[in-house]
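From first to last, the protein sequence lines are chains A and B.
Under the numbering used here, the first residue of the first sequence carries the number 638, and numbering increases by one thereafter.
Under the numbering used here, the first residue of the second sequence carries the number 3, and numbering increases by one thereafter.
All residues carry an ideal CB built from backbone N, CA and C; glycine is no exception.
Read through the structure below, which is laid out as structure tokens, and then see the notes.
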Amino acid sequence: SQQGEEDPQALSIQEGENATMNCSYKTSINNLQWYRQNSGRGLVHLILIRSNEREKHSGRLRVTLDTSKKSSSLLITASRAADTASYFCATGAGNNRKLIWGLGTSLAVNP
Amino acid sequence: NAGVTQTPKFQVLKTGQSMTLQCAQDMNHNSMYWYRQDPGMGLRLIYYSASEGTTDKGEVPNGYNVSRLNKREFSLRLESAAPSQTSVYFCASSTDRGLSEAFFGQGTRLTVV
Chain A
638 SQQGEEDPQA
648 LSIQEGENAT
658 MNCSYKTSIN
668 NLQWYRQNSG
678 RGLVHLILIR
688 SNEREKHSGR
698 LRVTLDTSKK
708 SSSLLITASR
718 AADTASYFCA
728 TGAGNNRKLI
738 WGLGTSLAVN
748 P
Chain B
3 NAGVTQTPKF
13 QVLKTGQSMT
23 LQCAQDMNHN
33 SMYWYRQDPG
43 MGLRLIYYSA
53 SEGTTDKGEV
63 PNGYNVSRLN
73 KREFSLRLES
83 AAPSQTSVYF
93 CASSTDRGLS
103 EAFFGQGTRL
113 TVV
């Protein structure tokens with residue numbers, strides 16, 4: 638069952654622009670994680686934000702978490718062609734500590 | 003430092019054939035997972051192993067079996083492959099299930115004809 642829903646499903650921008658992707662979820666969580674998947678490759682972890690955190694940075698990545706709205710956003714600043722990939726959110730939730738995945742946002746950065 | 007290694011990378015099976023997908027991690031992680039990824043369906047958990055010696059069903063376990071051979075290795079077996087099992091399979095591992103980042107293998111692209 639999917640918990641996270643990414644929005645938009647697809648995003649196309651020019652190199653140098655910022656890209657924002659959103660993730661909404663349904664139940665209370667312990668943490669929310671963002672991953673990147675290049676075409677035909679495995680997923681790579683980008684950032685983990687815990688439920689008691691509101692914002693986190695890693696290089697050109699900025700993640701926010703609003704637990705009252707059950708949503709998170711991933712901002713990639715000054716995008717590059719190499720950022721072209723699918724981006725997934727995953728939530729760690731519940732007593733069984735399941736990691737539940739969204740369907741992903743496909744980002745295309747045009748040179 | 004290899005991380006998570008999956009074999010094979012590609013496989014074509016005939017309906018009814020069996021095969022085992024191998025996965026090994028060298029990060030001393032407790033938890034290991036098998037996912038399948040299908041277009042429009044996202045990642046779906048097949049089986050997981052929270053620690054050495056334990057395995058549990060995920061969302062879509064039917065038609066699969068797993069073995070946590072030791073702390074490093076977690077294999078996925080298809081006993082009688084069906085076309086519906088055509089998919090990309092990913093193995094992953096993490097320190098602590100659901101609470102820490104997961105590391106993924108490069109995937110196995112399986113086609114059942």
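Asked                                                                                                               : Found
S705 (chain A) (DSSP reduced to helix, strand or coil)                                                              : coil
Closer than 9 Å at the beta carbon, the chain B residues around R678 (chain A)                                      : F106, Q108 and G109
Where S95 (chain B) falls: helix, strand or coil (DSSP)                                                             : strand
Within 8 Å, strictly: CB atoms of H31 (chain B) and S95 (chain B)                                                   : yes
Contact with chain A by A100 (chain B), beta-carbon distance below 8 Å                                              : The question names Ala, yet the displayed sequence has Gly at residue 100 (chain B). With 8 Å as the cut-off, G100 (chain B) counts as an interface residue toward chain A.
Chain A contact for G44 (chain B) (CB, 8 Å cutoff)                                                                  : yes
Distance between S20 (chain B) and K735 (chain A) (C-alpha atoms, nearest Å)                                        : 29 Å
Inter-residue spacing [alpha-carbon to alpha-carbon] between G5 (chain B) and Q651 (chain A)                        : 33 Å
Burial state of T664 (chain A) (16 or more Cβ within 10 Å)                                                          : exposed
Beta-ladder partner(s) of M29 (chain B), from DSSP                                                                  : Answer is none; M29 (chain B) lacks a bridge partner.
DSSP bridge partner residues for M34 (chain B) (one or two, in chain order)                                         : B:S51 and B:S95
For I684 (chain A) and L698 (chain A), believed in contact at Cβ under 8 Å, the rounded distance                    : 6 Å
Through-space distance from P748 (chain A) to Q13 (chain B), alpha-carbon basis                                     : 35 Å
Cβ neighbours of G65 (chain B) in the same chain (closer than 7 Å, five flanking residues each side left out)       : L80, A84 and Q87
Residues that D92 (chain B) contacts on chain A, provided the C-beta gap is smaller than 8 Å                        : According to the sequence shown, residue 92 (chain B) is Phe rather than Asp. Correct list: G679 and L680.
Three or more C-beta pairs below 8 Å linking the stretch 703-722 of chain A and the stretch 655-671 of chain A      : yes
Continuous beta strand (DSSP E) assignments of at least 3 residues falling wholly in the stretch 657-735 of chain A : 668-674, 680-687, 692-695, 698-703, 708-713 and 722-730
Local Cβ density within 10 Å of M29 (chain B), reported as buried at 16 or more and exposed below that              : exposed
Neighbour flag for E103 (chain B) against chain A, beta carbons, 8 Å                                                : yes
Cα-Cα separation, S51 (chain B) to G653 (chain A)                                                                   : 42 Å
CA-to-CA distance, T9 (chain B) to I48 (chain B), given in whole angstroms                                          : 17 Å
Assigned exposure category for E643 (chain A) - 16 Cβ within 10 Å defines buried                                    : buried
CB of G741 (chain A) within 8 Å of CB of S723 (chain A), strictly                                                   : yes
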